[in-house]
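Since the structure comes first, as structure tokens, the remarks are kept for the end.
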Amino acid sequence: MERRVRTVPKPKLFALFIVLAFAAPLCTAAATVPNGMQLVAETEYLSLYVNEATTEIAVLDKRSDVLWHSNPPDRDLRSGAASETLRIAYATPNTDRVEMDSYNHSVAFGQYTIVPIDNGVRVEYRIGDEYKSVKYVLPQLISESRMNEILSKVASASDRRFILDHYVLISLERDPDLPEIDLGRSTRPWWKFWQTGSRPAIDESSVDSVETILFGGHRLVAKDDTLTSRQQTIDRLEREIEELRKSGEAEDSAQMQRLLRDLNRAVSYYESDRAKLVWTLVSKYRGTIVAQYGRVGGRSDIQSINDLTQDDFRALRNSPTYMLNTDTPFYLADMEQIFAEAGYTIADMYADHVHYRLEPPIKSLEVFVIPIEYRLDGDSLVVRIPMEEVSYPHEVPTEFELDFEDPGGNVIRYKEGGKRQTYPLYQIDVLRCFGAAGSDEEGYIFVPDGCGALIYLNNGRTDYPIYSEPIYGADRSIPVEQAVPYEKQPNCLPVFGMKKGETAWYAVIEKGEAVASVRADIARTRDSYNVVLASFSTMSRMLIDTGGGKVMTYQPSLYRGDIQIRYFFLSGESADYVGMAKGYRGYLIAKHGLKRVDENSLPMFVEFVGAVTKVQPVMGVPVTVPVALTTFEDATTAVRELLGAGIENIKVRYSGWLSGGLLHDFPARAAAEKALGSFDQFRRLVEFLDKESVDFFPDVRFLEVTTRNTVLDALDIRRDTARFLNGLMATVSEYDPVTLTPSGVNARYILSPSALPDLVDSFLKDYLRYGNKALSLGDLGAEVNADYHRSRFVDRQRAREIIEEQCKKISQAAGLRTLFTTGNAYVFPYARHIVDVPTECTGHGLENEAVPFYQIVVHGLIDFAGAPINSVADTRKAKLKAIETGGGLYFRWITGDVSILKGTDFADLLNVEYQRWRDDAVAMHLEVSGALKPARGRLIENHEKLADGVYRTTYDNGYAVVVNYNNTPIQVGGLTIDAYGYWLGMGGEVH
Amino acid sequence: MLARDSIRCLAVALLVAGALISGLPASPGVAQADPYPSYTYDFWKNPVPAPQAYLPTRIISGDDIGAGPLNQPRDLFVDANRNVYIVDTGNNRLVCLDENWNLRLVVSEFFHDGQVDRFRTPLGVCVTDDGHIFVADRGNGRIVELDGEGRFVRQIGAPSSDAEGLVAADFVYRPFKVAVDRVGRVYVLAEGVYDGVMVFDLAGTFRGFIGSPRVKPTIADIFWTRFATEEQRSRMALFLPTEYNTIDLDDTGFLYACEKNQVRRLNPAGVDVLRRSGFHDPVGDVSVADQAWQEPSYFEDVAARESGIYSVLDRQRGRVFTYNSNGELLYVFGGIGYARDLFSSPAAIDSAGMQILVLDRRLNHVVVFEPTAYALAIHAALDLYHSGRYDESAAVWRRVLDWNSNYDQAYSGIGRSQFMKAEYTAAMRSFRLGNNRKGYSDALRRYREQVIRTNFNYIAPGVVCLGLAVWGILRLRKSRISDRSIGKAESSLRQAAPADTDRSLGTRLRQFGRGIRYALFVVFHPFDGFDELKKRGKEAVSAATAILVLVVLTYVGMSQYTGFVFNTRDLSKVNVVFLATSVLFPFLLWCAVNWSLTTLADGKGTFRDIYVATAYALSPIVIINVPLTLISNVLVQEEGSFYYLFLGISLAWSLILILIAMMSIHEYEPGKAVWTSGLTVVGMGTVVYLGILFFSVINVMAGFVSSIRTELILRL
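And the structure:
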């Protein structure tokens, strides 16, 4: 039996809060120990405090004397909002979403423990009211001695009187007038007696019936003021009648008659009051019958009064007992308060109720145990949830029986064979309100959407929903029935943060980021807050149509890897998104030892699309045939032309060269597409590029496998493909642009992460024979997909680790130079180049501005380029973007006739004709590479917005670039920049 | 006109720039990813990828313009001077902005007969060239005319109920859209009015309705009216046309009106003169227009643009479709979603020069779209073409193709220019790529003429020689046939019979050839032919099978090799198995059903007889359609009747042969042959029906079992 501690009674808690609320602004300013908090850890830069009453934490940044709170200190403490450190969402058998938080459903019930750990503190929450069914911690029946014991601890006399006013002292005394029917200690239900005829049913209108059958011939005797006065009246009347009789008054005299009438009336009053008490007592066991609800309260193991036995009331015999005599919530709450102050706990209540065989407090099943650890590590705060120790109700039995005879005192016994229940814990929001900004503060939220985006605090866009997007994009093993009508940019970096006035913080999700989403919201009402947080999807779920209805299905087990977030704090000059980016860059350099790029000229990324498949009628039979778009020979010629045009540093990506074209066959072998030329021609291409020292990146995709497979492929569909939660093989296809539903075009299986290592090994073994020392990885840096197979389930975090291992294998063990696309953060240590880097944000309704956060992080460390220039609507903007962020230009071309693509499933390759692009591309590249020459291998020092559409980027050698995206010339700092123009120069200021 | 000129200048600029890569105006502010790649529709109603034609560049909310937040605005109008008028319905006011989005005027109250008057739920606005503002004041049941400064001029109330008896007495007048033409006629849409657009004259007097589409009865309607009582018929006649959603006037005084996914262009007499010569009617999303399980587009508003181009706003999927004056889809953009530049509940659209403005009534803002270089090029090409500068237009169409190689109209546009330059083969190729059958046909005709003219010296003698040769062969054959009487033919066949024992390949091939040749005889002498056929041995079966195979091949060949003008199939989806099945299945079904029927009806023919005779009866299909398919490649659209006539002849001939075959093999009277054949067709229908029923029952059962299985797996 666990102790239920309501450490701080509620009214007093409020009082404490009020003090805190007044004190909080003061302590932020003074930066002394915050009120109500205790110092638990300290480093050179930071101090960590915890409030043991609310479990909120605060971190003092000693460098700037700024105090960061896990919960806004000025929050409305009465409502309990914004007071939590954790918020969870889970499902019950009836609803798909129930939310609870660590304050209102754990701290408020005193269900937490705080333990100091090495350089920090650990708080363990039991979220969910453990005694949901218990409304007030008050004994319904309590023995006189125990009551006195409690009363002795109550200081105030008026409180004592208040309690005694609502308890009545009763006991069951042997009444010689009543027949004693002792039916032994049997607890058999009443109908057995009925059958044997030994026990009559209780007459619900007769107190005698109850007293005879249930109390075993005992009468309820009460020490109650009313009853006592009625007793006195009866005694007086009897005395007077006796005296009258003695005085020889005739029995039918008027006065005698009057007295007898009075006596009768007094007796009936007395009996009716006593009957009320009897029924009150019985209702403690049987419950009260309320018209619309049926039976309320009482013992859950009995159905009606006839199920009760004499044993249930035996403890009351001849022992004075206090019985609770009120059910007015107002009184009950006050009494509970007094009892709690006197040290009465739920354990005491349990003991009292078990003693009298009343319903003991039953523990609720919907309780989730979640520990959270806060540690200081140098200049950062590390928050960790050890998921191994998290528990949720999984297959717990729900049916129980009460056994008051149990020798071990184990009164509540759950039935193992009965119905079982699971409450899947599918979401944990960590430190939702950390550093939250109020509705009057200025600054912005940084979210890693695409290149990075800012949400201005309190921007008033309440027509739009909350921002919530997964890190590394969506898990494709969870099917999407309806796409959105815009291209979602992925969250490549597990970073988010907030700037508030002159201070800022940011956080890096170190562990569990692949199951995390970044959520951000503005203050929608006056008393809410601008927040940004990491939310973890601990169980993936999917709505499955069974034909007869839809069932929500959850992943087979909880995510058991760690969750770890590292918070950093900034102030002054560096308290902005550039400071965050630089901080994160420093973190990456320190963690992975990233090196500066060593090539002196800006690379030009050129992708040739080798072949695609097309359905053609051959003799009236539709056959899928490969169609060459850029043959090996053509690619050679094109590169020679580009070299001839004076381009120094070309990176050639060659997609669609593998057998099967762009959506190539299962890459267990590295067989080149025959439609593009012979093996020798491919070898010659490799040799030519090698001779010209042009890096050649043939492209391969591992994570999605075309469904156009034959039995001859090495692909074992049952073993190698991932599954959806409904058990079907996970497939993706393109979306119909009209209805935005899956169209079935270019359908692919999703490869199971567990099949990935073997596939990569097998491919590499075959690929290395070409002697080419570089490889483009079309999707390893762009997507992470789980496998929800029932038996070989691989969660998304594990999938991400497997992918990272493959990247390591390719770049280090096989020694290949790599080119990734999109570039999720985990490929940074292995990536030499990244193309298709997001240069913009999704444009979610809440977002105000896109910032080149990603580019600031990687510039100088990894060469990158944005989306292919061909695919963007405005090439001038794309070129300016490259100049602004120091990226290369990326072209996707085919040398063949573009009208071949018409009517194929690859008709979305638009504007890709090499012949038309060549001269423009060369000119564009020479312009951009010239402009960025001094920035090669340099880190970005600063990035500012000088005016609308005018940005300045400064490098660590002082080189600065100012770009103007406007269609009109702009005057900035005495400098005129043309429409779509830019300014280059040294020095931080524009003169 | 000014707009037209500017477009032309732009087009020239585009050409001069030559290597131009993009011409997009500025879009400072949030750098956002391009919205979802756009699409256009190909000939077969498939959406195919297309680049973005318009990009959102600005979002204008009430706060941005200093007028305070808008509340459920419902209409938007851009006048000739590019001033923007927004009906802020929830705030009962009218907000006017100048072309640079500066607040010019807010009308929330005005003096009317010396008293302060206000709008009550105003829904529509229209501004004349002289700056007078007409507001559809729904709550007050009137059209309010204000001058350019927002002063009250007059109001036009409800139409008097006695006018032509068109307006019911208990009618509550709730106008929601208004348009005013050059001469001052006021067009009004009102709720609950199903008769079309209400027209008020200069003096504000109600003049009646225009644009109520005539009810066109379908065949089914006509059929049912024959059985209906007088009362029912009178009720049927009252088919009500649905009410229009929106109207807009173009600069030539034509009125665009939309209902559901239909657009009409009404001339002043109220007749719909919208051209619908694109691949598909202008109904928005065509791929979902006729599918029961998907919502078709629903046009919330229309914007008439220069040179007959118009844009419609679909509120179903938040898309803007733009069509040219021929009803060809130019481009599609927009969508519904939570991204900043998508719509939530788009309510109104209008164009300001090349800009497009969309008003969102839920997000309470206006999204301003600017054309990309791609859209500019499309407009420029159209404009150049309309002004007769075909070469320049073709050059711009080539630029369009650079961006979008799926753009059929660009191919057509290039084709037209090549056609004008008499480059007919190139034009044919372009039209073919552009799926333009009309253009292809025209080019083909010219090409044909050209070929004939240049090669007349060879063709004329060639034709004469060919004619002579054919005549000679026919004469020779005739004499041979006349030599050999039918009786001889019979005897020769009988003589062949003993050769059955000779199993050598050569003999069998000879028999086979003879069987095929015999088909020619049957075709022209059906009565004798079929009688004889019945007596023939096994070789007839193999010959019949061969004919059947030829029919299948002809069918396949027709679907693949028929001239482009007459072949509207998507050749990449031609499937021989499907085609063959669609011939063989009905054929075999016919044989089986006919056999089972005639067995009961004293038919003498065996299954083998039916099979052989039916196959032989189909030989005209081969005989006529093979040359017809070849010839169709040189026919033009105007000669289509010739093509279809021969197609018809081949079918009719086969049908007649089948009837004759029935008579002869079953030894039926002509009447009996006809009704057994008819019954056979009914029987075939029944078999197909039962088959479908059977399979659907099986399907339902399988679905039931599998759903139980999934449920078991999931719940246990």
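Protein chains in written order, with my numbering: chain A, 1 to 991; chain B, 992 to 1707. Here a beta-carbon is modelled for each residue, glycine too, at the ideal position from N, C-alpha and C.
So, is residue 977 of chain A buried or exposed, given that buried needs 16 or more other C-beta atoms within 10 angstroms? By the neighbour-count definition (other C-beta atoms within 10 Å, threshold 16), residue 977 of chain A is a buried residue.
At the 7 Å Cβ level, is residue 548 of chain A part of the contact set with chain B, yes or no? Yes, residue 548 of chain A counts as interfacial toward chain B.
Got a sec: which bits of the region 765 to 787 of chain A sit with their beta carbon under 8 Å from any beta carbon on chain B, in order along the chain? none
When DSSP labels each residue in this structure, what does residue 1333 of chain B get in the three-state scheme? coil
Completely contained alpha helix (DSSP H) runs for the region 607 to 681 of chain A, where each covers 4 or more residues: 632 to 644
I want to verify the contact list: residues of chain A whose CB lies under 9 Å from the CB of residue 1564 of chain B, in sequence order. Going along chain A in sequence order, the residues near residue 1564 of chain B (Cβ under 9 Å) are 615, 617 and 622.
Please report whether the beta-carbon of residue 1477 of chain B lies at a distance below 7 Å from any beta-carbon of chain A. Only weak support is given to the placement of residue 1477 of chain B: the predicted model assigns it a pLDDT of 49, under 50, and the value that follows is read from those uncertain coordinates. Answer no: the Cβ-Cβ gap between residue 1477 of chain B and chain A never drops below 7 Å.
Quick one: is residue 1482 of chain B near chain A, going by C-beta distance under 7 Å? In this predicted model, residue 1482 of chain B has a pLDDT of only 47, less than 50, meaning its place in the structure is not dependable enough to derive any value.
Could you list the residues in the region 442 to 471 of chain A with a C-beta less than 7 Å from some C-beta on chain B, going in chain order? Cβ contacts with chain B come from 450, 463, 464 and 465.
Bounding residues of the beta strand (DSSP E) (the contiguous stretch that carries residue 962 of chain B): Since the first and last residues shown for chain B are 992 and 1707, residue 962 of chain B lies out of range.
What separation, rounded to the nearest whole angstrom, lies between the Cα atoms of residue 102 of chain A and residue 356 of chain A? The straight-line gap from Cα to Cα measures roughly 35 Å.
What residues in the region 888 to 905 of chain A have a beta carbon less than 7 Å from any beta carbon of chain B? 898, 899, 901, 902 and 903
Taking just the CA atoms, how far does residue 268 of chain A sit from residue 286 of chain A? 25 Å
Would you mind listing the alpha helix (DSSP H) stretches within the region 906 to 935 of chain A that are 4+ residues and don't spill past its ends, in chain order? 914 to 932
Reduced DSSP secondary structure (H/G/I, E/B, other) of residue 1520 of chain B: helix
Let me make sure I understand the geometry here. Which of A:510, A:363, A:644 and A:648 has the alpha-carbon closest to that of residue 591 of chain A? A:510
If the criterion is Cβ atoms closer than 7 Å, does the pair residue 1306 of chain B and residue 1291 of chain B meet it? yes
Report buried or exposed for residue 628 of chain A, applying the criterion of at least 16 other Cβ atoms within 10 angstroms of its Cβ. If you draw a 10 Å sphere on the C-beta of residue 628 of chain A, you find 16 or more other C-beta atoms in it, and that means buried.
Distance, Cα to Cα, residue 1047 of chain A vs residue 488 of chain A? Nothing can be reported for residue 1047 of chain A, as the shown portion of chain A is limited to 1 through 991.
Under 8 Å by beta carbon: chain B residues contacting residue 922 of chain A: Going along chain B, no residue has its Cβ under 8 Å from residue 922 of chain A, so there is no contact; the nearest lies around 12 Å.
Looking at C-alpha atoms only, which residue of A:413, A:419 and A:406 is the closest neighbour of residue 397 of chain A? A:419
For chain B, check one thing: does any of its Cβ atoms lie closer than 7 Å to the Cβ of residue 107 of chain A? no
Whose C-beta lies closer than 6 Å to the C-beta of residue 1418 of chain B among residues of the same chain, with five residues either side of it excluded? 1406, 1409, 1410 and 1434
Please state whether DSSP places residue 194 of chain A in a helix, a strand or coil. Per-residue confidence for residue 194 of chain A stands at a pLDDT of 46, beneath the threshold of 50, marking its modelled position as unreliable; the derived number appears in the next sentence. Note: residue 194 of chain A maps to helix in three-state DSSP.
Among A:492, A:326, A:314 and A:235, the one whose alpha carbon lies nearest that of residue 140 of chain A: A:326
Determine, for residue 976 of chain A, whether the minimum Cβ-Cβ distance to residues of chain B falls below 7 Å. no
Buried versus exposed, by CB contacts within 10 Å (16 or more), residue 1043 of chain B: buried
Would you kindly work out how many angstroms separate the C-alpha atoms of residue 1703 of chain B and residue 790 of chain A, rounded to a whole number? Each residue's Cα considered, the two are about 15 Å apart.
So residue 895 of chain A and residue 634 of chain A are supposed to be a Cβ contact under 8 Å. How far apart are they, rounded? A Cβ-Cβ separation of about 4 Å places residue 895 of chain A in contact with residue 634 of chain A under the 8 Å criterion.
Can you grab the Cα-Cα spacing for the pair residue 37 of chain A / residue 540 of chain A, in whole Å? 37 Å
With a 10 Å radius around its C-beta and 16 neighbouring C-beta atoms as the bar for buried, classify residue 1188 of chain B as buried or exposed. buried
Exposed or buried, what is residue 859 of chain A when buried is set at 16 or more other beta-carbons lying within 10 Å of its beta-carbon? buried
Is residue 1329 of chain B close to chain A? Criterion is C-beta to C-beta, closer than 7 Å. yes
Excluding the 5 residues preceding and the 5 following residue 748 of chain A in the sequence, name in chain order all residues of the same chain whose CB lies nearer than 8 Å to its CB. Within its own chain, the residues whose Cβ lies closer than 8 Å to the Cβ of residue 748 of chain A, once the five positions on either side in sequence are excluded, are 663, 704, 705, 706, 707, 731, 732 and 733, listed in chain order.
Can you find a C-beta in chain A that's less than 7 Å from the C-beta of residue 1394 of chain B? Chain A, which has a Cβ nearer than 7 Å to the Cβ of residue 1394 of chain B, makes this yes.
For residue 689 of chain A, which residues of its own chain have a beta-carbon under 6 Å away from its beta-carbon, when the five flanking residues on both sides are left out? Same-chain partners within the cutoff: 696.
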